[in-house]
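A.B. asks: To convert a position in the sequence shown, counted from 1, into our numbering, add 327.
Below: one structure in structure tokens.
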Amino acid sequence: MLCFAIVGSAGEVARADHAECGAAYVAAQKLMREGKLRAARTQLIQCAKDCLPEVERDCTTWLTEVGSSMPTIVVIALDAQGKELADVQVQVDGEQRADSLDGRALEIDPGRRKLKVTRAATVHELDLTILQGEKNRRVEIDFPEVNPRLVQAEPGARHGADSQRSPASGLPKGAWIAGSVSLTSLLGAAYFWLAAENLRQDLLDRGCAPGCPEADRESIRDRRLIGDVLLGVSVVSAGVFGYLWLGDSGPAASPTRDGAWAGWRGRF
Numbered sequence: 328m329l330c331f332a333i334v335g336s337a338g339e340v341a342r343a344d345h346a347e348c349g350a351a352y353v354a355a356q357k358l359m360r361e362g363k364l365r366a367a368r369t370q371l372i373q374c375a376k377d378c379l380p381e382v383e384r385d386c387t388t389w390l391t392e393v394g395s396s397m398p399t400i401v402v403i404a405l406d407a408q409g410k411e412l413a414d415v416q417v418q419v420d421g422e423q424r425a426d427s428l429d430g431r432a433l434e435i436d437p438g439r440r441k442l443k444v445t446r447a448a449t450v451h452e453l454d455l456t457i458l459q460g461e462k463n464r465r466v467e468i469d470f471p472e473v474n475p476r477l478v479q480a481e482p483g484a485r486h487g488a489d490s491q492r493s494p495a496s497g498l499p500k501g502a503w504i505a506g507s508v509s510l511t512s513l514l515g516a517a518y519f520w521l522a523a524e525n526l527r528q529d530l531l532d533r534g535c536a537p538g539c540p541e542a543d544r545e546s547i548r549d550r551r552l553i554g555d556v557l558l559g560v561s562v563v564s565a566g567v568f569g570y571l572w573l574g575d576s577g578p579a580a581s582p583t584r585d586g587a588w589a590g591w592r593g594r595f
């Protein structure tokens, strides 16, 4: 009687093991179809041993295929001097994957993934598209500043200081561009006005007024017109510079009333 009890218990254990193998076998196939390779590998390891021979054979084959298809990334964090940092934490889709960086690759499922890289109070978030079978993809992150901030970025880009602001004074780049255009246009306007005035004075010295050649008179008008246009560009650019510098959130005011241009005229 005791012998039958022992045999019966062993049979129940074997059936339970076979049931677990079958469940892992089915779950692994479903996870592989969904692209969840890391979870699929866990199930394949379970059904690749101590199961029916045909189940073990399939699971062993799939386990090799999953290993070949599993993407990996290498996260590299750099300080302002370009030196590699180790005190950085990495999360993938909200799961903590690394408490520090040591140069080793991280296995990651293929598809769209959200990477969160943290150092102290500075956080970088990246949306990555991971290709199946992609190995040792480098993901470089810059940590040039101490101030806390959250940076949204695109895959493959290195992230540093705010590219929209001047490192010298904190002004937006747009303000610097507008200011440069304003100054350059003003200098150009002065040049053409002076050229027109010099030509006018030359005609006066020649004593041909008011019957000076039409070509000379047209040249004076053209130079003055170019000067007026450049002055208008200078005024508008100065207005844009002031708007960006002051950070005015309201509608930008016209640099001159009704958009008028300043200039000067003369007749011959």
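Virtual Cβ for every residue (Gly too), placed ideally from N, Cα, C.
In this structure, does DSSP put L358 in helix, strand or coil?
C.D. replies: Residue state, collapsed to three classes: helix.
A.B. asks: Excluding five sequence neighbours on each side, which residues of the same chain lie with their C-beta closer than 8 Å to the C-beta of V401?
C.D. replies: G430, R431, A432, L433, N463, R464, R465 and V466
A.B. asks: Below 8 Å on the Cβ atoms is my guess for V419 versus T445; work out the distance and round it to an integer in Å.
C.D. replies: Rounded to whole angstroms, the Cβ separation of V419 and T445 is 12 Å, and the two are not in contact under 8 Å.
A.B. asks: Helix, strand or coil, according to DSSP, for G460 in the structure here?
C.D. replies: coil
A.B. asks: Does the region 395-411 come within contact of the region 369-386, defined as at least 3 CB pairs closer than 8 Å?
C.D. replies: no
A.B. asks: Hey, would you say the C-beta of V401 is under 6 Å away from at least one heavy atom of the ligand MG?
C.D. replies: Inclusion of the ligand MG in the displayed structure is not the case, the ligand content being empty and no account of it being possible.
A.B. asks: Threshold first: 3 residues or longer. Then list the beta strand (DSSP E) segments lying entirely within the region 378-447, N to C.
C.D. replies: 399-406, 416-419, 422-425 and 438-446
A.B. asks: With a Cβ-Cβ cutoff of 7 Å, do I468 and R440 count as a contact?
C.D. replies: Not in contact: I468 and R440 (Cβ atoms no closer than 7 Å).
A.B. asks: Are the beta-carbon atoms belonging to L571 and G515 less than 7 Å from one another?
C.D. replies: In this structure, G515 does not lie closer than 7 Å to L571 by Cβ.
A.B. asks: In terms of DSSP beta bridges, what is V556 paired with?
C.D. replies: Per DSSP, none; premise fails for V556.
A.B. asks: Roughly how many whole angstroms lie between the Cα atoms of A354 and V450?
C.D. replies: 36 Å
A.B. asks: Sorted by chain position, which residues of the same chain lie with C-beta nearer than 7 Å to S493's C-beta, five sequence neighbours on each side aside?
C.D. replies: Its pLDDT being 47, under 50, S493 is placed unreliably by the model, and nothing is read from it.
A.B. asks: Could you please give me the residues that DSSP links to V466 through a beta bridge?
C.D. replies: V402
A.B. asks: Could you compute how far the alpha carbon of E481 sits from the alpha carbon of G438?
C.D. replies: Reliability fails at E481, whose pLDDT of 47 lies under 50, so the model's placement of it is uncertain and the value that follows must be treated cautiously. Between E481 and G438, the C-alpha separation is close to 15 Å.
A.B. asks: With respect to the alpha helix (DSSP H) encompassing A516, which residues constitute its N-terminal and C-terminal limits?
C.D. replies: K500 to R533
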